[in-house]
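Trainee:
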Amino acid sequence: MKHHTYLIQDYILKTLQVALLEIADNNENQEIEDKFPIEVTATKQISHGDYSTNIAMILAKKLKKNPREIASEIINSINQDPTFDKIEIAGAGFINFTLSDKARSEYLSHVLEAQDKWGWIKNNSPKNINVEFVSVNPNGPVTIGSGRGAAFGDSLCRTLTAAGENVHREFYINDSMNSEQMRLFAESVRHYTSLEFGIESTFPEKGYKGDYVSYIGKEIADTFGKESLEKDISWFQEESQTRMIEWQKRDLEKFGVKFNTWFSEQSLHDNGKVEACLEELKKKDLTYEKDGATWLKSTQFGDDKDRVLVRSNDRKTYVTSDTAYHQSKFERGADVVIDILGPDHHGYIGRMNAVIQALGKSLDVFDIIIYQVVRFVKNGESVPMRKRDGTIYELGNLTDEIGVDNTRFFFLMRSHDTHLDFDIELAVRESDENPVFYTQYAHARICSILKKAEEQNLFPNPENMHLLNHEAEKMLVKSIFELPNIIQLAASDYGVHRFAHYSIELARLFHSFYDKCKVVQPEFEELTSARLALCQATMYTLQSAFWLLGVSAPQRMYRK
RNA sequence: GCCCCUGUAGCUCAGUGGAUAGAGCAGCAGCCUUCUAAGCUGUUGGCCACAGGUUCGAAUCCUGUCGGGGGCGCCA
Numbered sequence: 000m001k002h003h004t005y006l007i008q009d010y011i012l013k014t015l016q017v018a019l020l021e022i023a024d025n026n027e028n029q030e031i032e033d034k035f036p037i038e039v040t041a042t043k044q045i046s047h048g049d050y051s052t053n054i055a056m057i058l059a060k061k062l063k064k065n066p067r068e069i070a071s072e073i074i075n076s077i078n079q080d081p082t083f084d085k086i087e088i089a090g091a092g093f094i095n096f097t098l099s100d101k102a103r104s105e106y107l108s109h110v111l112e113a114q115d116k117w118g119w120i121k122n123n124s125p126k127n128i129n130v131e132f133v134s135v136n137p138n139g140p141v142t143i144g145s146g147r148g149a150a151f152g153d154s155l156c157r158t159l160t161a162a163g164e165n166v167h168r169e170f171y172i173n174d175s176m177n178s179e180q181m182r183l184f185a186e187s188v189r190h191y192t193s194l195e196f197g198i199e200s201t202f203p204e205k206g207y208k209g210d211y212v213s214y215i216g217k218e219i220a221d222t223f224g225k226e227s228l229e230k231d232i233s234w235f236q237e238e239s240q241t242r243m244i245e246w247q248k249r250d251l252e253k254f255g256v257k258f259n260t261w262f263s264e265q266s267l268h269d270n271g272k273v274e275a276c277l278e279e280l281k282k283k284d285l286t287y288e289k290d291g292a293t294w295l296k297s298t299q300f301g302d303d304k305d306r307v308l309v310r311s312n313d314r315k316t317y318v319t320s321d322t323a324y325h326q327s328k329f330e331r332g333a334d335v336v337i338d339i340l341g342p343d344h345h346g347y348i349g350r351m352n353a354v355i356q357a358l359g360k361s362l363d364v365f366d367i368i369i370y371q372v373v374r375f376v377k378n379g380e381s382v383p384m385r386k387r388d389g390t391i392y393e394l395g396n397l398t399d400e401i402g403v404d405n406t407r408f409f410f411l412m413r414s415h416d417t418h419l420d421f422d423i424e425l426a427v428r429e430s431d432e433n434p435v436f437y438t439q440y441a442h443a444r445i446c447s448i449l450k451k452a453e454e455q456n457l458f459p460n461p462e463n464m465h466l467l468n469h470e471a472e473k474m475l476v477k478s479i480f481e482l483p484n485i486i487q488l489a490a491s492d493y494g495v496h497r498f499a500h501y502s503i504e505l506a507r508l509f510h511s512f513y514d515k516c517k518v519v520q521p522e523f524e525e526l527t528s529a530r531l532a533l534c535q536a537t538m539y540t541l542q543s544a545f546w547l548l549g550v551s552a553p554q555r556m557y558r559k
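Given below as structure tokens:
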């Protein structure tokens, strides 16, 4: 249909805008169409049609008229349109639109054309968006806690891509040679390397105790022999963090998460970017000296206190390198910068917002997303996990145990804004009940239907869509049409958990349809072809949603 | 003390200011000579923490109270 837009809602919106112009003339009120954003939403019930708008109720006050009267005026102003079967007033003044079979068929063929990219949005002015996530320090493996950030960040990147943006995924490596944490980590590794040679060594105070630390220590001992102990601590830091980064990279790739750039903090020190950035801030008169330290006037940009850039011992703080780092993101072409951080970085927001403004950028192009804490629970009790104590649970272990799909879905079912209690034993025990299987099973079922149909020379044909009159079929079609809208929504408010709930809903509607409507019936060729088209569209929609979640789409599934 | 998140079914959680508040799991009762029963159908279960306010309309927005979680370094 040539006048059809990609989103049905947009098409209805435009139709309404035209109608409102006419109303504005009739009521001698020119403000109407720009003062009131029109909302068009999919209805929950079939009896309310397919789409609905509340515009008449919004306008009621302005025009001092009964909403139903306005609704009636609007409906009368809408030209005859084959897209709709009917447009009617309901309830307090809703206008409900019911799609025609023709429109439904046309739109369904869009789905079949788009295939597993159904729902992707055309974007005429794509932005370069730099998304930094995970970025755990190279002093330990990726834990389940950061796994949430990995699942969320990756899914958000996929969502933004589907929304037509150019996404650049970045991992920031805190490998600075003047980092106290990393120095301590290196000392802990050296301790274990010494032990490998039976040399006595005192464990550094507050050092890192995990198994992975002794593992790295042993690896260094095996690779370099006893001579390694003659090397200085910087050498140990480099050797151990390189190994740690490889470890992290391996676990993340296994989890389906890849980055375009692994950006080294130390590189900013080496090439003088940190120093240059500091000079720039000084030149802009955004710094001052106090107690022997250099401070950033961050309160000037709304921070609750000023921040130290250079300590009295001449070492620069992370604020300084982070400033240079964010400057680098923009210099390398980012229009928009998004940082995804764990809950312990909540205090980071104020100072980073200040830093961005100190760099002369607007807060419109910078966003920090904090996902909430993952607490570890055992027998109903919260168990603290700390890298220093070695009491961590690795993401890699969880994915080995219950699988990547299961783990990702588990994380993505919840909004990033809610706390997550994680009982590992419970998660493992209940992994068979994870709804991810329910949704994947719908996909597997479709695959076998399509295969069976093909064997009998029966093929999908969306032109016979008008034969799909069953309530289960109509609900399924309606749900398929919702995906673009959900992508748009998730891209703007970062609510990627919607895809998990959406895929469950879609699977539910499919399973219900499957039970009520037999698809492959050679004696009814046209109906079969229409239902096959519906199956195929459902399959593509599921594939698209699965991709957004980073979950696989199995062709077959059998209970063990 | 200040800041962030949160309170919805027995449990875990969805819910874009809109029509009768939903799902998964758990419970109960049914459904496999039929495209995969990891499925379907029916059913039980709700002062949406509480109190005000805004609105034609509030689980949703605002204020307050109470409960839960986390963060507030010249560590990163």
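Under numbering that gives the first Met the number 0, think of the first position of the first sequence as 0, with each following residue one higher.
Even for Gly, the Cβ is constructed at its ideal location relative to N, Cα and C.
Could you name each continuous alpha helix (DSSP H) segment of 4 residues or more that falls completely within the stretch 23-85, going from the start of the chain to the end?
Mentor: You should have 31-34, 54-62 and 66-76.
Trainee: Could you give the distance in angstroms between the alpha-carbon of leucine 561 and the alpha-carbon of alanine 353?
Mentor: Nothing in the structure corresponds to residue 561, since the chain is present only between 0 and 559.
Trainee: Specify the secondary structure class of aspartate 343 as computed by DSSP and reduced to three states.
Mentor: Here residue 343 refers to the residue found at position 344 when the first sequence is read from its first residue. Helix.
Trainee: Going by alpha carbons, who is nearest to serine 71 out of Asp338, Ile94, Ala102 and Asn25?
Mentor: For this step, residue 71 is matched to residue 72 along the first sequence. Of Asp338, Ile94, Ala102 and Asn25, the residue nearest in Cα terms is Ile94.
Trainee: For leucine 6, which residues of its own chain have a beta-carbon under 7 Å away from its beta-carbon, when the five flanking residues on both sides are left out?
Mentor: In the first sequence, residue 6 corresponds to position 7, counting from 1. Cβ within range, chain order: Pro483 and Asn484.
Trainee: Is it buried or exposed, histidine 268, if we count other Cβ atoms within 10 angstroms and call 16 or more buried?
Mentor: Counting from 1 along the first sequence, the entry for residue 268 is found at position 269. Per the 10 Å Cβ criterion, buried.
Trainee: In three-state DSSP terms, what is leucine 419?
Mentor: For the purposes of this step, residue 419 is taken as the residue at position 420 of the first sequence. Residue state, collapsed to three classes: strand.
Trainee: Look up tryptophan 261 in the DSSP assignment and give the residues it is bridged to.
Mentor: Position 262 of the first sequence, counting from 1, holds the residue named residue 261. Answer by DSSP bridge pairing, in chain order: Phe170.
Trainee: Spatial neighbours of valine 376 within its chain, please: CB distance less than 6 Å, with the 5 preceding and 5 following residues excluded, ordered by chain position.
Mentor: Stepping through the first sequence from its first residue, residue 376 is reached at position 377. Asp420 and Asp422, listed in sequence order.
Trainee: If you reduce the DSSP assignment to three classes, tell me which class serine 381 lands in.
Mentor: Locating residue 381 in the first sequence gives position 382, counting from the first residue. DSSP places serine 381 in strand when its eight states are reduced to three.
Trainee: For the stretch 220-234 against the stretch 407-416, are there 3 or more C-beta pairs whose distance is under 8 Å?
Mentor: No, the stretch 220-234 does not touch the stretch 407-416.
Trainee: Taking arginine 530 as part of the alpha helix (DSSP H), name the residues at either end of that continuous run.
Mentor: Along the first sequence, read from residue 1 onward, the residue named residue 530 stands at position 531. It spans 524-548 - the alpha helix (DSSP H) in which arginine 530 sits, taken as one unbroken run.
Trainee: Just verifying my parser: in three-state terms, what is the DSSP assignment at lysine 1?
Mentor: Working through the first sequence from its first residue, we reach residue 1 at position 2. Reliability of the predicted coordinates at lysine 1 is poor, the pLDDT of 34 falling under 50, and the value obtained from them is presented with this limitation in mind. Correct three-state label for lysine 1: coil.
Trainee: Cα-Cα, which of Lys116, Asn177 and Val188 is closest to threonine 158?
Mentor: For the purposes of this step, residue 158 is taken as residue 159 along the first sequence, with counting starting at 1. For the residues Lys116, Asn177 and Val188, the minimum Cα distance to threonine 158 belongs to Lys116.
Trainee: Among the residues of its own chain, which have a CB less than 6 Å from the CB of isoleucine 566, if the five just before and after it don't count?
Mentor: Since the first and last residues shown for the chain are 0 and 559, residue 566 lies out of range.
Trainee: Closest by CA to alanine 506, which one among Gln542, Leu155 and Gly255?
Mentor: Walking along the first sequence from the start, residue 506 turns up at place 507. Among Gln542, Leu155 and Gly255, the Cα nearest to that of alanine 506 is on Gln542.
Trainee: Output yes or no for whether 8 Å exceeds the beta carbon distance between glycine 359 and glycine 144.
Mentor: One-based indexing of the first sequence puts residue 359 at position 360. One-based indexing of the first sequence puts residue 144 at position 145. Cβ atoms of glycine 359 and glycine 144: not closer than 8 Å.
Trainee: Name the one or two DSSP bridge partners that aspartate 338 has.
Mentor: Taking the first sequence and counting its residues from 1, one reaches residue 338 at position 339. DSSP, once it has assigned bridges, lists Glu131 and Ile367 as partnering aspartate 338.
Trainee: Using 8 Å as the Cβ pair cut-off and three pairs as the minimum, do the stretch 431-447 and the stretch 519-527 touch?
Mentor: The stretch 431-447 vs the stretch 519-527: no contact.
Trainee: So, using beta-carbon positions, are valine 382 and glutamate 400 closer together than 8 Å?
Mentor: Taking the first sequence and counting its residues from 1, one reaches residue 382 at position 383. Taking the first sequence and counting its residues from 1, one reaches residue 400 at position 401. No, the Cβ-Cβ distance between valine 382 and glutamate 400 is not below 8 Å.
Trainee: Taking its Cβ as the centre, do 16 or more other Cβ atoms sit within 10 Å of histidine 442, making it buried, or is it exposed?
Mentor: Indexing the first sequence from 1 puts residue 442 at position 443. So histidine 442 counts as buried.
Trainee: Using DSSP with H/G/I as helix, E/B as strand and the rest coil, what is lysine 315?
Mentor: Sequence index remark: in the first sequence, residue 315 carries index 316 (1-based). DSSP places lysine 315 in strand when its eight states are reduced to three.
Trainee: Around the Cβ of arginine 530, are there at least 16 other Cβ atoms within 10 angstroms (buried) or fewer (exposed)?
Mentor: Position 531 of the first sequence, counting from 1, holds the residue named residue 530. The residue in question, arginine 530, is buried, as its Cβ has 16 or more Cβ neighbours within 10 Å.
Trainee: Decide if phenylalanine 196 is buried, meaning its Cβ has at least 16 other Cβ atoms within 10 Å, or exposed.
Mentor: On the first sequence, position 197 is the one that residue 196 refers to. Burial call: exposed.
Trainee: Below 8 Å CB to CB, which residues in the same chain sit around isoleucine 73 once its five sequence neighbours on both sides are set aside?
Mentor: Within the first sequence, the letter at position 74 stands for residue 73. Within the same chain, isoleucine 73 has close Cβ partners Leu15, Ala18, Leu19, Ile22, Ile54, Ala55 and Ile94.
Trainee: Using three-state DSSP, classify threonine 14 as helix, strand or coil.
Mentor: As a first step, residue 14 is located in the first sequence; it is residue number 15 there, counting from the start. The answer is helix: DSSP assigns threonine 14 an H, G or I state.
Trainee: Could you name the residues that DSSP lists as bridge partners for valine 518?
Mentor: To locate residue 518, count along the first sequence from 1; it is residue 519. Answer is none; valine 518 lacks a bridge partner.
Trainee: Let me check one thing: in DSSP terms, what residues is leucine 295 bridge-paired to?
Mentor: Counting from 1 along the first sequence, the entry for residue 295 is found at position 296. Bridge partners of leucine 295: Thr286 and Arg306.
Trainee: Output needed for phenylalanine 258: all residues of its chain with C-beta closer than 7 Å, excluding positions within five of it in sequence on either side, in chain order.
Mentor: Numbered from its first residue, the first sequence carries residue 258 at position 259. Closer than 7 Å at Cβ, skipping near neighbours: Arg168, Glu169 and Phe170.
Trainee: For aspartate 250 versus valine 335, is the C-beta spacing smaller than 8 Å?
Mentor: The residue labelled residue 250 in the question sits at position 251 within the first sequence. The residue labelled residue 335 in the question sits at position 336 within the first sequence. No, they are not a contact pair.
Trainee: Would you identify the three-state DSSP class for tyrosine 557, choosing helix, strand or coil?
Mentor: Counting from 1 along the first sequence, the entry for residue 557 is found at position 558. In this structure, tyrosine 557 counts as coil in the three-state DSSP scheme.
Trainee: At what residues does the beta strand (DSSP E) containing glycine 97 begin and finish?
Mentor: Taking the first residue of the first sequence as 1, we reach residue 97 at position 98. First, the amino acid is wrong: residue 97 is threonine here, not glycine. Note, threonine 97: beta strand (DSSP E), 93-98.
Trainee: Assuming arginine 310 contacts leucine 295 under a Cβ cut-off of 8 Å, what Cβ separation, rounded to an integer in Å, is found between them?
Mentor: By one-based count along the first sequence, residue 310 stands at place 311. By one-based count along the first sequence, residue 295 stands at place 296. Contact doesn't hold; Cβ gap of about 13 Å is too wide.
Trainee: Sort Asn75, Ala89, Lys101 and Glu229 by Cα distance to glutamate 462 and report the nearest one.
Mentor: Working through the first sequence from its first residue, we reach residue 462 at position 463. Selected option, being the one with the closest Cα: Lys101.
Trainee: DSSP on arginine 387, reduced to helix/strand/coil?
Mentor: The residue labelled residue 387 in the question sits at position 388 within the first sequence. It is coil, neither helix nor strand.
Trainee: Determine the DSSP secondary structure at alanine 89, reduced to helix, strand or coil.
Mentor: As a first step, residue 89 is located in the first sequence; it is residue number 90 there, counting from the start. Strand at alanine 89.
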